[in-house]
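> In mature numbering (1 follows the signal peptide of the UniProt record, and there is no 0), the protein residues as written are -34 to -1, 1 to 562.
The structure that follows is given in the form of structure tokens.
See the structure below:
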């Protein structure tokens, strides 16, 4: 530090002589200043573990220690105020007569701050009450409902230690409960937490004023320019004159935001101060671009390198219908998809008309599959229900030179249930999908069949860093003529996402150099993951299962392996090395995380 100041002094040759003594004083004092800047001290805290974390997080003496900004003089000053600061912190946990003592030991090379905490007796909550006033006193049903709810919440707090957080939460939830329906202008008149230091008891009293009772009025939509208003009005289920409901507003906002035509939506009401207490709806939307082109390059172990081109138009025929097209070129698959989607209306169901072409060649089977169909889909929360009618025709060529051309007109029902704590990185919860459908030979089909399939996944967090994932996949197609069924309604397996350690679609019915799809499927997987870095986990797994013509001929195989999981911004990406025990082969996999 001294050298820096010297160089500065010599660089300013024209400096006045009157300034020289000042700079000399700075130069001479700089070593002492540097010593104070490097001042270090140690803290010894003698306090119960239940409060030590709170003190270490909030006391200034810990904050200054980390930032290394205290001098000896400031440290003494901080020690004088520390008991009061600590007492205030402990009071938030119900310790109102805690005793805090401090001592500074400067005898060693590094000063030591000793802090001793005697908590004393913790205050317990003995009584809670909520007083309602205002128009709600004439709304007997709502008054009684809220009174029961407040009593239940109060009973849950009684005989528990007082904490400031619990008291704040009780006040907040009570006011929000009153505001959530009919009384959005409700206010908190007073709140008292009375502490008796002699008996170590606390009583809560909250007074709320409901204000007037509001009903919904007409709506106004702001922000529309390129899309028809019908897209928004079809989502509105709120009728004029209905009692105000915050949940109804939230549902409407979520329903509008779920439409691809809107980047964001905000639904609220204006609350008049005088009668009539009618609250008009205000719907503000931000529109998404009318068109979008997607271009992508990628790689997956199953289908190798791929190129994808997509185009979306969000206002077909000026009706808000969605046109989607996609061209996907991969080494082992090529596909074209076209669809028109009619967004959901008040029925909460969207309708989709679509057509597709898919070509692939796996394990000696060269398939060209053409489809057209119509589907009806309902989504809510994380769940889906869909029914679709589709016609498909397939041209299949086999390794032995034979061919067939099955066709079918099918009706299918699909049910997906999701209960996950996170979409991007689920740690607890489950997924389940059930699908059933079939065709009749008499109606544009070469075979009569019924297909039933189910799959699921279970997530369980193990401690702080561990993760368990279990998966299963079961299915059967009932038919006397499997050769007349298109491949979509039969089963093959193997590869990433099924039984690792084996080639993609290599497990099925072996026939004349080809692997044909079978009528039964059963696979399962157990995987354990463990965090090794911030967004990285190591994984070990075992997969088991296969596909066959029937249950008697099913010969399951086993794959074991290890891998890595990266939690990317778009979801989990996996890198696996697996060994197929029956085939005695090693396979490498790269795939996105499970999703359906």
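Cβ coordinates follow ideal geometry from the N, Cα and C atoms, glycine included.
Computed from a prediction, not measured in an experiment: that's the story for all the values here.
Please check the pair residue 443 and residue 421, which I expect to be a contact at CB under 8 Å, by giving their CB distance rounded to whole angstroms.
About 15 Å separates the two Cβ atoms, so there is no contact after all.
> Under 8 Å, with one C-beta from each stretch per pair, do the region 77 to 93 and the region 45 to 61 reach the 3-pair mark?
Counting Cβ pairs under 8 Å, three or more are found: they touch.
> Between 296, 226 and 9, which lies nearest to residue 286 when the distance is taken from Cα to Cα?
If we check each option's Cα against that of residue 286, 226 comes out closest.
> Closest to residue 284 by C-alpha separation, out of 191, 136 and 316, would be which residue?
Ranking the options by Cα distance to residue 284, first place goes to 191.
> Do residue 143 and residue 112 have their C-beta atoms within less than 8 Å of each other?
Yes, the pair counts as a contact, with Cβ atoms nearer than the cut-off.
> May I ask you to report which of helix, strand or coil DSSP gives residue 184?
Strand at residue 184.
> Only counting the same chain, and skipping five residues up and downstream in sequence, which positions put a Cβ closer than 6 Å to that of residue 259?
277, listed in sequence order.
> Can you tell me whether residue 309 is buried or exposed? The criterion is at least 16 other CB atoms within 10 Å of its CB, across all chains shown.
When all chains shown are included, residue 309 counts as buried.
> Look at the Cβ atom of residue 23, then the Cβ atom of residue 101, and state whether they are nearer than 8 Å.
No, these two residues do not count as a Cβ contact at 8 Å.
> What's the call for residue 378, buried or exposed, on a 16-neighbour Cβ count within 10 Å?
Buried: at least 16 other Cβ atoms inside 10 Å.
> Are residue 228 and residue 253 close, meaning C-beta to C-beta below 8 Å?
Yes; because the gap between Cβ atoms is below 8 Å, this pair is in contact.
> DSSP puts residue 534 in a beta bridge; with which residues?
Note: residue 534 sits in a beta bridge opposite 537.
> Would you mind giving the Cβ-Cβ distance between residue 523 and residue 473, rounded to the nearest angstrom? I have them listed as a contact below 8 Å.
Between residue 473 and residue 523 the Cβ distance is about 7 Å, and since that is below 8 Å, they are a contact.
> Is the beta carbon of residue 233 closer than 8 Å to that of residue 624?
Here the chain covers residues -34 to 562 and nothing more, so residue 624 does not appear.
> Identify whether residue 419 lies in helix, strand or coil by the three-state DSSP scheme.
Note: residue 419 maps to strand in three-state DSSP.
> Do you know how far the Cα of residue 21 is from the Cα of residue 307?
Residue 307 and residue 21: Cα-Cα distance of roughly 58 Å.
> Do residue 394 and residue 387 have their beta-carbon atoms positioned less than 8 Å apart in this structure?
Yes, the Cβ-Cβ distance between residue 387 and residue 394 is below 8 Å.
> Take the Cβ of residue 502 as the centre, count every other Cβ of all protein chains shown within 10 Å, and call the residue buried at 16 or more, exposed below.
Counting Cβ neighbours within 10 Å, residue 502 comes out exposed, since fewer than 16 surround it.
> With distance defined between alpha-carbon atoms, name the residue in 327, 94, 533 and 9 nearest to residue 115.
For the residues 327, 94, 533 and 9, the minimum Cα distance to residue 115 belongs to 94.
> Would you identify the three-state DSSP class for residue 109, choosing helix, strand or coil?
If DSSP states are grouped into helix, strand and coil, residue 109 belongs with the helices.
> To the nearest angstrom, report how far apart residue 516 and residue 408 are at their CA atoms.
So the alpha carbons of these two residues sit roughly 25 Å apart.
> Within 10 angstroms of the Cβ of residue 160, are there 16 or more other Cβ atoms? Answer buried if so, exposed if not.
By the neighbour-count rule (16 or more Cβ atoms within 10 Å), residue 160 is not buried but exposed.
> Figure out for me which residue from 492, 455 and 249 has the closest Cα to the Cα of residue 337.
Comparing Cα positions, the closest option is 455.
> For residue 38, collect the residues of the same chain with a Cβ closer than 7 Å to its Cβ; drop the 5 residues on either side in sequence, then sort them by chain order.
Here the set comprises 5.
> Taking only runs that begin and end inside the region 91 to 140, name each unbroken alpha helix (DSSP H) of 4 or more residues, in chain order.
Qualifying alpha helix (DSSP H) stretches, in chain order: 106 to 123.
> Going by CA-CA distance only, name the one from 484, 329 and 350 that's closest to residue 400.
The shortest Cα separation from residue 400 among 484, 329 and 350 belongs to 350.
> Let me know if residue 73 comes out buried or exposed under the rule of 16 or more other beta-carbons within 10 Å of its beta-carbon.
The residue is exposed, with fewer than 16 neighbouring Cβ atoms inside 10 Å.
> Leaving aside the five residues before and after residue 137 along the sequence, list all residues of the same chain whose C-beta is less than 8 Å from its C-beta, in chain order.
Closer than 8 Å at Cβ, skipping near neighbours: 154, 157 and 172.
> Check whether the region 524 to 543 and the region 477 to 485 touch, using three or more Cβ-Cβ pairs below 8 Å as the test.
Verdict: no, contact absent.
> Taking only runs of the beta strand (DSSP E) that begin and end inside the region 308 to 364, which ones reach a length of at least 3 residues, in chain order?
315 to 328, 331 to 346 and 349 to 364, all fully within the region 308 to 364.
> Excluding the five sequence neighbours on either side, which residues of its own chain have a C-beta within less than 8 Å of the C-beta of residue 551, listed in chain order?
The answer, listed in chain order, is 467, 468 and 545.
> What's the call for residue 163, buried or exposed, on a 16-neighbour Cβ count within 10 Å?
Classification for residue 163: exposed.
> Taking its Cβ as the centre, do 16 or more other Cβ atoms sit within 10 Å of residue 376, making it buried, or is it exposed?
Looking at its Cβ environment, which holds 16 or more other Cβ atoms inside 10 Å, residue 376 is buried.
> May I ask you to verify whether the region 325 to 343 touches the region 290 to 300, counting CB pairs closer than 8 Å and requiring at least 3?
In short, these stretches touch, since the Cβ pair count reaches three.
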